[in-house]
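First up is the structure itself, then whatever we jot down about it.
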Amino acid sequence: MFRVSKEFSFDMAHLLDGHDGKCQNLHGHTYKLQVEVAGDLLVDGAKKSMVMDFSDLKAVVKKAILDPMDHAFIYDQTSERESKIAMLLQELQSKTFGVNFRTTAEEMARFIFQRLKYDEKLPISAIRLWETPTSFCEYGE
Numbered sequence: 045m046f047r048v049s050k051e052f053s054f055d056m057a058h059l060l061d062g063h064d065g066k067c068q069n070l071h072g073h074t075y076k077l078q079v080e081v082a083g084d085l086l087v088d089g090a091k092k093s094m095v096m097d098f099s100d101l102k103a104v105v106k107k108a109i110l111d112p113m114d115h116a117f118i119y120d121q122t123s124e125r126e127s128k129i130a131m132l133l134q135e136l137q138s139k140t141f142g143v144n145f146r147t148t149a150e151e152m153a154r155f156i157f158q159r160l161k162y163d164e165k166l167p168i169s170a171i172r173l174w175e176t177p178t179s180f181c182e183y184g185e
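Position 137, counted from 1, in the sequence shown is what the numbering used here calls 181; the numbers after and before it change by one each time, with no gaps.
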């Protein structure tokens, strides 16, 4: 079994409502995302001897993750505080992206993994999401 990975970078703002530190305040990160796919090599056709063409992987990640999330305020729709901020930003024509969970690196990694594996049907084996240059979360099944 082969594993191939592609890295991406995107910027997002968020806050962690109820956090006991400075992350309770609105702030942003430049996230680094590594998407790992696994499988056997294709045996024929234009993609012969590849697990997946890197350009095909890039196109799927761009559509499913980067386009909706890059330069957005990601917020927990179950948080009244975060939803109020999102409503104000939407009124001001700013980009938002709502989810039904707390926007920690751990939950974000799981969300990205599941969105790519189940919604986009990619043969994902792991996601690594760096929130800072020295801090990341890995999620896989």
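C-beta atoms are modelled at their ideal positions from N, C-alpha and C, and glycine is treated no differently.
- Cβ neighbours of LEU160 within its own chain (closer than 8 Å, five residues either side excluded): VAL79, VAL104, VAL105, ALA108, ILE109, LEU166, ILE168 and ILE171.
- For PHE145, the three-state secondary structure derived from DSSP is coil.
- Membership of MET131 in the alpha helix (DSSP H) is indicated by the continuous run 124–135.
- For LEU173, the uninterrupted beta strand (DSSP E) run begins and ends at 168–176, by DSSP.
- The continuous stretches of beta strand (DSSP E) do not include ASP64, and DSSP gives it neither H nor E.
- Pairwise C-beta distances place the stretch 124–144 out of contact with the stretch 80–88, as fewer than three of them are shorter than 8 Å.
- Spatial neighbours of MET152 in its own chain (CB-CB distance under 7 Å, excluding positions within 5 residues in sequence) are listed in chain order as LEU173.
- Counting only residues of its own chain and dropping the five nearest sequence neighbours on each side, PHE98 has a CB closer than 8 Å to the CB of VAL48 and LYS50.
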